[in-house]
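Step one of this worksheet: look at the structure below.
Residue numbers (this note's numbering): 502 to 859.
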């Protein structure tokens, strides 16, 4: 049965401009690109409506491990416009898939010890990367693909504990913030860019009532099986009596109430959790023309955490973000050919976001 990985709030960054790397999963701050920002076309990071610079909202390290595809270098970035008149429109949100072309030579990922990492997330991030890549979740022919949750939970318990017990109030330095050095590197700050407070994410498996709660490393692809609703037997009576639109929202609310701090949900190729019956077409992939499938979605608690930590100016912008969920659909082929790749084999593809409002 397909699993859902929940992105849960971990420690706040020491600074809104804190430098990490592209293996880090986080909310807000500035994106940590694995490529030079010059490789990304400028219009991609601009609002389609007002042409202003978009604000980085989420960075999700999302490698793929399955038969015929082993993509360790893969990240999803989500951006939104903070202009009051734009945040309420679907065209003001963008999602990017950035991944490295997979050849027979294997990954050229840098070693963990090439540069020192900020102490607020270094242990957590290194454990994610090391433990995640040591497990294979490829699809089995006989369908017996059960995950050893006990082993995963033990391997990741230390990192999860660090994140869940290290929360602290963000220090919002505004324009007075200085770049944080990362080895010999420093971040170049463009003060024209709107920047949200930054906090890191740890992963937790969504557990149904009859299961024992365990923590998982972030993020692993699992096989698709759309039978989750059958597990929630206590919901059936309410669903049967409710109109269809109310039934959809009731399911959304119950899943949200079960984990009230969830900032996003991740289930590669799984089933989205709709907040309303209205659903837009994610359309075809712009690079290969293939179909898109569900990968992840942002949830309302993310807005609450940012609202509590941000300054007055951005707080007013957040008030205009009245969505219930932002659903990200990505190319089901994970298309990445040498012809579409830039320097060092990296591909930057714009994917689809479906916005559902209150």
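Quick reminder that beta carbons are idealized off the backbone N, C-alpha and C, glycines included.
Beta-carbon proximity list for residue 579, same chain, < 6 angstroms, skipping 5 on both sides: Mapped onto the chain shown, residue 579 falls at position 78. Excluding residues within five positions, the ones whose Cβ falls inside 6 angstroms are 558, 559 and 596.
Candidates 523, 751, 813 and 516, of which the one nearest residue 561 by Cα: Within the chain shown, residue 561 is the residue found at index 60, counting from 1. Considering only alpha carbons, the answer is 523.
N-terminal and C-terminal residue of the beta strand (DSSP E) that residue 819 is part of: Position 318 of the chain shown, counting from 1, holds the residue named residue 819. DSSP places residue 819 outside any beta strand (DSSP E); the residue lies instead in the alpha helix (DSSP H), whose first and last residues are 813-821.
Beta-carbon proximity list for residue 811, same chain, < 8 angstroms, skipping 5 on both sides: On the chain shown, position 310 is the one that residue 811 refers to. Contacts found: 673, 697, 698 and 819.
Enclosing alpha helix (DSSP H) for residue 807 [first to last residue]: As a first step, residue 807 is located in the chain shown; it is residue number 306 there, counting from the start. Run containing residue 807: 802-810, per the alpha helix (DSSP H) assignment.
Bounding residues of the beta strand (DSSP E) (the contiguous stretch that carries residue 831): Numbered from its first residue, the chain shown carries residue 831 at position 330. It spans 824-832 - the beta strand (DSSP E) in which residue 831 sits, taken as one unbroken run.
Where the beta strand (DSSP E) through residue 572 begins and ends: Along the chain shown, read from residue 1 onward, the residue named residue 572 stands at position 71. First-last of the beta strand (DSSP E) with residue 572: 570-572.
Span separating the alpha-carbon of residue 550 from that of residue 785: Residue numbering aside, residue 550 sits at position 49 when the chain shown is read from its first letter. Residue numbering aside, residue 785 sits at position 284 when the chain shown is read from its first letter. Each residue's Cα considered, the two are about 22 angstroms apart.
Contacting residues, own chain, Cβ-Cβ under 8 angstroms from residue 594 (five flanking each side not counted): The residue you call residue 594 lines up with position 93 of the chain shown. The residues are 579, 580, 581, 582, 827, 854 and 856.
CB contact check: residue 515 to chain C, cutoff 7 angstroms: Of the protein chains in this structure there is only one, and it is not chain C.
Inter-residue spacing [alpha-carbon to alpha-carbon] between residue 575 and residue 849: For the purposes of this step, residue 575 is taken as the residue at position 74 of the chain shown. For the purposes of this step, residue 849 is taken as the residue at position 348 of the chain shown. C-alpha separation (whole angstroms): 10 angstroms.
Test item: CB-CB of residue 833 and residue 794 under 7 angstroms: Counting from 1 along the chain shown, the entry for residue 833 is found at position 332. Counting from 1 along the chain shown, the entry for residue 794 is found at position 293. Going by C-beta atoms, residue 833 is nearer than 7 angstroms to residue 794.
Residues bridged to residue 459 (per DSSP): Any property of residue 459 remains undetermined from this structure, which presents the chain solely from 502 to 859.
Strand pairing of residue 579, partner residues [DSSP]: For the purposes of this step, residue 579 is taken as residue 78 along the chain shown, with counting starting at 1. The partner list for residue 579 (beta bridge, DSSP) reads 559 and 596.
Residue 577 beta carbon less than 7 angstroms from that of residue 564: To locate residue 564, count along the chain shown from 1; it is residue 63. To locate residue 577, count along the chain shown from 1; it is residue 76. Going by C-beta atoms, residue 564 is not nearer than 7 angstroms to residue 577.
Alpha carbon of residue 752 to alpha carbon of residue 600, nearest angstrom: Residue numbering aside, residue 752 sits at position 251 when the chain shown is read from its first letter. Residue numbering aside, residue 600 sits at position 99 when the chain shown is read from its first letter. Rounded to the nearest angstrom, the two C-alpha atoms are 33 angstroms apart.
C-alpha distance - residue 540 paired with residue 846, whole-angstrom precision: As a first step, residue 540 is located in the chain shown; it is residue number 39 there, counting from the start. As a first step, residue 846 is located in the chain shown; it is residue number 345 there, counting from the start. So the alpha carbons of these two residues sit roughly 12 angstroms apart.
Start and end residues, beta strand (DSSP E) containing residue 510: Locating residue 510 in the chain shown gives position 9, where the first residue counts as 1. It spans 506-513 - the beta strand (DSSP E) in which residue 510 sits, taken as one unbroken run.
Cβ distance (whole Å) where residue 700 is taken to contact residue 529 below 8 angstroms: In the chain shown, the residue the question calls residue 700 occupies position 199. In the chain shown, the residue the question calls residue 529 occupies position 28. About 7 angstroms separates the two Cβ atoms, so the contact holds.
Inter-residue spacing [alpha-carbon to alpha-carbon] between residue 756 and residue 779: Start at 1 with the first residue of the chain shown, and residue 756 comes out as number 255. Start at 1 with the first residue of the chain shown, and residue 779 comes out as number 278. Distance between the alpha carbons of residue 756 and residue 779 is about 19 angstroms.
Per-residue burial, residue 533 [other beta carbons within 10 Å of its own, 16 or more giving buried]: Locating residue 533 in the chain shown gives position 32, counting from the first residue. Burial call: buried.
Presumed contact (8 angstroms Cβ cut-off) between residue 514 and residue 553, rounded CB distance: Along the chain shown, one-based indexing puts residue 514 at 13. Along the chain shown, one-based indexing puts residue 553 at 52. 24 angstroms between Cβ atoms; not a contact.
Residue 749 versus residue 858: straight-line alpha-carbon distance, rounded: Along the chain shown, one-based indexing puts residue 749 at 248. Along the chain shown, one-based indexing puts residue 858 at 357. For residue 749 and residue 858, the distance between alpha carbons rounds to 13 angstroms.
Those residues which DSSP pairs with residue 795 across a bridge: Numbered from 1 along the chain shown, position 294 holds the residue referred to as residue 795. DSSP lists 830 as partners of residue 795.
Reduced DSSP secondary structure (H/G/I, E/B, other) of residue 749: Position 248 of the chain shown, counted from the first residue, corresponds to residue 749. Residue 749: helix per DSSP, three-state reduction.
Cβ-Cβ distance between residue 801 and residue 830 below 7 angstroms: As a working mapping, residue 801 is identified with position 300 in the chain shown. As a working mapping, residue 830 is identified with position 329 in the chain shown. Not in contact: residue 801 and residue 830 (Cβ atoms no closer than 7 angstroms).
N- and C-terminal bounds of the beta strand (DSSP E) containing residue 567: On the chain shown, position 66 is the one that residue 567 refers to. Segment 565-567, the beta strand (DSSP E) holding residue 567.
Contact under 7 angstroms by Cβ, residue 822 with residue 804: Working through the chain shown from its first residue, we reach residue 822 at position 321. Working through the chain shown from its first residue, we reach residue 804 at position 303. Cβ distance < 7 angstroms, so residue 822 and residue 804 count as in contact.
Extent of the continuous beta strand (DSSP E) to which residue 850 belongs: Within the chain shown, the letter at position 349 stands for residue 850. Per DSSP, residue 850 belongs to the beta strand (DSSP E) from 847-858.
Cβ shell of residue 693 (< 8 angstroms), same chain only, five flanking positions each side left out: Along the chain shown, read from residue 1 onward, the residue named residue 693 stands at position 192. Counting only Cβ-Cβ distances below 8 angstroms, and skipping sequence neighbours, we find 554.
CA nearest to the CA of residue 690, picked from 527, 516 and 815: Here residue 690 is taken as the residue at index 189 of the chain shown, counted from 1. Taking only the C-alpha atoms, the option nearest residue 690 is 516.
Assigned exposure category for residue 761 - 16 Cβ within 10 Å defines buried: Stepping through the chain shown from its first residue, residue 761 is reached at position 260. So residue 761 counts as exposed.
Pair within 7 angstroms by beta-carbon distance, residue 567 and residue 852: Residue mapping note: residue 567 aligns to position 66 of the chain shown, counting from 1. Residue mapping note: residue 852 aligns to position 351 of the chain shown, counting from 1. No, the Cβ-Cβ distance between residue 567 and residue 852 is not below 7 angstroms.
Residue 546 versus residue 815 - alpha carbon distance: Here residue 546 corresponds to residue number 45 of the chain shown, with the count starting at 1. Here residue 815 corresponds to residue number 314 of the chain shown, with the count starting at 1. Looking at the two C-alpha atoms, the distance is approximately 19 angstroms.
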